[in-house]
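In order, the protein sequence lines correspond to chains A and B.
Sequential numbering from 1 applies to the first sequence in our numbering.
Sequential numbering from 368 applies to the second sequence in our numbering.
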Amino acid sequence: MAFLKISHLVKKYDSVLAVNDVSFEAEKGEFLTLLGPSGCGKTTILRCIAGLEQPDQGEISIGGKAMVSSQSRLFVEPDQRGLGMVFQSYAIWPHLTVFQNVAYPLIERRLPKSEITEKVRHILAMVKLLEMEDRSATKLSGGQQQRVALARALVYNPEVLLFDEPLSNLDAKLRVDMRNEIRTLQKELRITSIYVTHDQEEAFALSDRIIVMNQGKIEQIGDQPTLYFRPRTRFVAEFIGETNTFEGEVMQTSNSSIQIKALSTVFNLPASSEFASGDRVILVVRPEHLKVNPKDEPELGFQGKVDQRQYLGSFCKYYVMVQGQGLAAELRGINSQDIPTLPVEGDTVSLGLNAADLVCFKVNPQT
Amino acid sequence: MELQTTERWELNLPLLLMWTAALVATFLVLYPLLYLIYGSFRTSLPGDPGALTLSNYFAVFSSHKIGESIFNTLILMASVTALACPAGVVLVWLTTRSDMPFRRQLEILNIFPFLLSPYVTGVAWTMLLSPRSGLINKFLVGTLGLSQPPFDIFSISGTIWVLFFYYTPYMCLFISAAFKAMDPSMEEAARTCGSSLFRTSWRVTVPLATPAILSGSILIFVHVAGMFGVPAALMQPKGDYVLTTTIVHFIQVYPQQYGSAAAISMFLMMVSALGIFIQRRVMAGKSYVTVTGKAYRPRSIKLGKWRYVALGTNLLYLFLSIVLPYGTLLMVSFLRYWSGEVSAELFTLSNYTEVLLGDEAIVRSIKNSLFVSIIGSFICLVITMLVAYLVNRTKVRGRGFFDYVTTLPVGIPGMVIAVGLLWAWIRSPILVYGTIWIIMIAFITRYVPYGMRAFSNTLVQLGPELEESARICGSSWFGSFRKILIPLLKPGFLSGWILLFILFMRELSTALVLWYSGNEVIAVQLYQLVRDGELSVVAALSIVDALIMITGIIAFRLIFKEDISAGLKR
């Protein structure tokens with residue numbers, strides 16, 4: 001039974017459709033991330049869940065209780081929704097101390113003082129800020145402020161926890177540390193969490209499932225392996241990780257396979273009802289699936305010339321020109337004695353791959 | 368738990384309050400303006416029989432005297448700007464970029480003259496540089512054996528001299544933020560290319576502040592056009608007029624020529640509005656100065672042997688702008704009468720007793736000033752706080768209109784607003800004209816843009832997330848407004864209050880246009896006394912006025928622990 005339900009959400013700003021008929025569900029205790037570039041609508045959706053924006057159409061319900069319904073003209077105020085939210089700018093109140101910041105929601109709920117003190121101290125210990133409780137909020141570092149924000153959002157056991165790109169303002173190392181802390185806390189407390197970010201690595205590190213968005217619409221929902229190995233649209237393929245993209249044409253189709261011509265090579269892919277003879281297609285393959293001079297016979301192969309070689313420590317990156325198209329390939333598992341034998345710039349190499357690693361999309365006039 | 372829900376159009380108290388404030392502000396600004404426009408096209412006051420006409424404009428612009436006053440006004444505008452601008456740049460550069468001794472203290476002191484009444488300063492300078500009785504003139508004639516006194520303060524150049532000291536701190540206020548917020552890497556890049564520290568300042572630092580300098584210059588240029596007090600004190604005795612003194616002349620002459628006053632006011636307003644329009648265009652999108660998130664530690668330029676020359680120059684500036692005129696006033700306040708002689712036998716305290724106890728009109732003016740300045744500034748800030756919130760934080764349709772309307776008075780000299788108010792209320796059945804209330808209305812209207820700008824800047828800086836997170840944590844709208852926003856706005860409110868208190872206390876032209884027996888404020892009272900030639904009483908009243916303001920600032924600091932310099936930085 002889904003805990004958080006969003007259905008047919010629409011939000012317009014002037015004439016711009018920021019959220020275009022978006023529907024999804026989250027299970028109780030799930031960590032769900034909305035991932036996409038700026039302007040894709042992810043923050044707008046989050047703010048609609050929070051009650052900070054009112055959608056033009058759609059329904060939102062949490063734990064079975066309706067929060068927003070355009071049909072029945074229902075809008076529950078943000079202070080009545082029982083949610084927690086961590087903002088990108090932390091939104092720590094400068095005129096209060098750490099303790100007062102975290103205690104604020106409990107004071108609003110009129111809990112007895114002793115209970116407040118106990119809960120606040122408990123959560124501050126969880127985020128490792130107990131010794132800072134009397135410090136003025138302005139005297140904290142970015143990472144500390146972030147933890148206060150997290151503590152404040154958790155202290156009253158909200159049903160759903162919302163995150164609005166909370167790590168963007170931190171520097172790289174701190175971001176990774178905080179990311180791990182958030183994941184640990186969420187797993188421990190099992191709070192349903194909706195996380196918004198544009199950082200694909202962050203989304204992959206934290207989430208149970210990810211919703212990839214672009215220009216107000218959902219591109220794909222899935223877990224990390226699905227999104228990585230089986231992207232359903234070109235946008236998802238290019239947004240997640242690194243990819244090689246090249247064009248091709250469907251020559252023939254049959255019950256068992258489709259024949260594609262691309263980069264002056266003809267090869268077969270598993271049958272699919274999506275394609276018809278004569279369709280133009282986009283083919284996508286990840287660099288680590290393109291093997292440079294493979295020892296065993298690959299299913300498919302291309303020949304090309306090495307344009308650039310970058311030795312990056314744990315692997316070697318090759319940029320190979322195949323039929324005028326640049327393809328990136330990775331060579332892993334190199335020992336130091338292999339190095340003299342590795343191909344260099346100008347060498348002709350063959351790139352091998354398995355058909356299963358190729359993803360094929362029909363050319364959509366809009367992509 | 369029953370969930371509270373809201374219909375979109377539910378009327379709630381906070382929104383109602385904001386709408387009321389916005390409508391009040393709109394009424395305050397537009398009512399006199401519309402009446403002014405109407406009045407300039409009419410032959411007589413509203414309610415009296417009359418017709419719509421262009422004759423006011425014809426009369427005004429075919430008059431030879433008006434031509435002269437326009438010319439005088441332009442000369443003032445150009446000269447004061449041309450002098451105050453570089454002086455301001457030099458002072459700010461010295462206090463923010465050099466290693467001049469005491470620069471931190473001087474930075475604040477240099478702005479101080481802005482708080483003093485320019486009219487009073489002008490009067491003080493007559494005691495020093497009046498051809499017959501001026502102390503400096505007499506000293507120079509005596510010691511150098513001159514046949515003629517070298518300086519005559521009663522002239523355009525005398526006016527420029529006094530206004531220079533008033534507007535230089537204005538310029539300093541404008542550009543100091545720009546100088547202090549500069550990204551150090553801009554200058555560092557110049558240094559890396561081989562430019563010396565001094566040349567870098569001249570060729571990189573100053574030009575980077577050009578938008579602020581230009582903006583400040585245009586504002587000064589426009590502001591001088593609306594200046595009344597100093598031209599009244601120093602040019603009128605010789606029969607030279609500027610636009611503002613002409614307007615007052617038309618109101619005070621008998622029979623009054625309100626139509627002409629309105630027509631000239633319209634002209635003055637157009638000039639100001641044009642100036643503000645140009646200033647906005649100049650500033651739009653031209654912010655070369657990048658404010659970085661990193662803490663900016665200005666690298667001081669070593670002046671070497673010029674350190675003490677710089678210090679001396681700054682001190683001389685302060686001496687001339689504050690110490691000399693006010694020291695003279697202090698001295699004269701203890702003399703029985705002023706005729707150029709200073710001697711022990713003229714010593715008396717009678718001026719002070721007259722000002723504080725004896726003269727009914729003067730005592731009343733002190734009470735009126737305090738009443739208007741304390742209450743009026745508070746009302747102004749409450750109104751602008753609510754309207755600023757409406758404009759910046761709500762999604763009310765049409766809030767841009769309120770933003771625009773409340774900014775209008777920036778381009779309108781106080782005197783013009785007053786003439787509009789005169790037209791609006793003089794024949795109204797509601798008794799406002801002639802009372803202290805019209806003075807308060809005029810002051811509030813004039814300073815609405817100050818409050819709007821201060822609160823809007825603060826709200827933009829604070830960002831909506833502080834209140835949003837309070838809502839998520841369980842506060843109602845009103846709860847988050849009360850517990851989060853008000854405490855954060857309080858410092859700005861308080862520093863705005865003390866600033867407006869001082870600006871209200873020294874406002875002259877607005878109060879003079881609307882003057883009626885019984886509603887004098889201190890500034891108007893001073894004007895009367897100068898006209899009557901009672902200069903030693905003027906001196907005593909000015910000192911009392913200054914003491915009230917200083918007491919106000921100190922008391923404020925003690926009670927609220929807030930600093931006026933915070934309010935001035937806007």
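Glycine included, each C-beta is placed from N, C-alpha and C at the ideal position.
For the region 846-873 of chain B, the set of positions with a beta-carbon nearer than 9 Å to some beta-carbon of chain A reads Gly846, Ser847, Lys850, Ile851, Pro854, Leu855 and Lys857 in chain order.
With respect to chain A, the C-beta atom of Ser842(B) has a partner C-beta closer than 8 Å. When 7 Å is used as the limit between beta carbons, Leu833(B) is near these residues of chain A: Ala91 and Trp93, in chain order.
Scanning the region 750-800 of chain B from its first residue to its last, the whole alpha helix (DSSP H) runs of 4-plus residues come out as 766-774 and 781-792. Ranked by Cα distance from Ala355(A), the options His289(A), His95(A) and Met132(A) are led by His289(A).
The beta carbon of Thr715(B) sits closer than 6 Å to the beta carbons of Arg703 from its chain, once the five residues preceding and following it are set aside; these are given in chain order. Below the 8 Å Cβ cutoff, chain B contributes no neighbours of Arg209(A), its closest Cβ being approximately 24 Å away. Using beta-carbon distances, Pro112(A) does not count as an interface residue toward chain B, since no partner is under 8 Å. In the DSSP annotation of this structure, the continuous segment of the beta strand (DSSP E) that includes Ser23(A) starts and ends at Val16 to Glu27. If you compare the alpha carbons of Leu502(B), Ala728(B) and Trp492(B) with that of Trp882(B), the shortest gap goes to Ala728(B). Beta-bridge pairing by DSSP links Lys65(A) to Ile62(A). Segment contact: the region 423-436 of chain B against the region 621-631 of chain B, three or more CB-CB distances shorter than 8 Å; contact assigned. Interface criterion met: the Cβ of Gly84(A) is under 8 Å from a Cβ in chain B. Look at the beta carbons and you see the region 194-203 of chain A not touching the region 111-125 of chain A: under three pairs across the two are nearer than 8 Å. Note that the region 522-531 of chain B touches the region 586-603 of chain B; at least 3 beta-carbon pairs, one per stretch, sit closer than 8 Å.
Residues of chain A with a Cβ closer than 9 Å to the Cβ of Gly830(B) are, in chain order, Ser89 and Ala91. For the region 48-64 of chain A, residues whose beta-carbon sits nearer than 8 Å to a beta-carbon of chain B comprise Ala50, Gly51, Leu52 and Gln54. Within chain A, Gly51, Leu52, Glu77, Pro78 and Asp79 have C-beta atoms less than 8 Å from the C-beta of Arg838(B), given in sequence order.
Contact between Cys747(B) and Leu867(B) holds, since their C-beta atoms are separated by about 6 Å, short of 8 Å. Nearest to Arg147(A) by alpha-carbon distance, out of Leu17(A), Ile240(A), Leu130(A) and Arg81(A), is Leu130(A). A residue is called buried when at least 16 other Cβ atoms come within 10 angstroms of its Cβ; Gly583(B) meets this threshold and is buried.
If you look at Gly84(A), you'll find it isn't in any alpha helix (DSSP H); it sits in the beta strand (DSSP E) that goes Leu83 to Val86. By the Cβ neighbour-count rule, Asp296(A) is exposed, with fewer than 16 other Cβ atoms within 10 Å of its own. Contact note: Glu115(A) does not reach chain B at a C-beta cutoff of 9 Å; the least C-beta distance is about 15 Å. Shown here for Asp466(B): same chain residues with a beta carbon closer than 8 Å to its own, the five before and five after excluded, namely Ser667, Ile668, Lys669, Leu670 and Arg674 in chain order.
Contact check for Tyr608(B) and Ser436(B): beta-carbon distance about 4 Å, within the 8 Å limit, so the pair qualifies. According to DSSP, residue pairing for Ala2(A) in a beta bridge involves Glu27(A).
At least 8 Å separates the beta-carbon of Val573(B) from that of Glu554(B).
Here Met126(A) is actually not in contact with Ser836(B); their C-beta atoms are around 19 Å apart, not less than 8 Å. As DSSP reads the structure, Tyr319(A) sits in a beta bridge with Gln308(A) and Ala328(A). Counting along the chain, Pro854(B) sits inside no beta strand (DSSP E); it lies in the alpha helix (DSSP H) bounded by residues Ile853 to Arg873. Leu635(B) places its beta carbon 8 Å or farther from that of Val396(B).
For Cys360(A), DSSP records a beta bridge to Leu283(A). Along the region 272-300 of chain A, there is no position whose C-beta sits under 9 Å from a C-beta of chain B. Scanning chain B for C-beta atoms nearer than 7 Å to the C-beta of Pro166(A) yields nothing, as the closest lies near 12 Å away. It is roughly 16 Å from the alpha-carbon of His590(B) to the alpha-carbon of Gly455(B).
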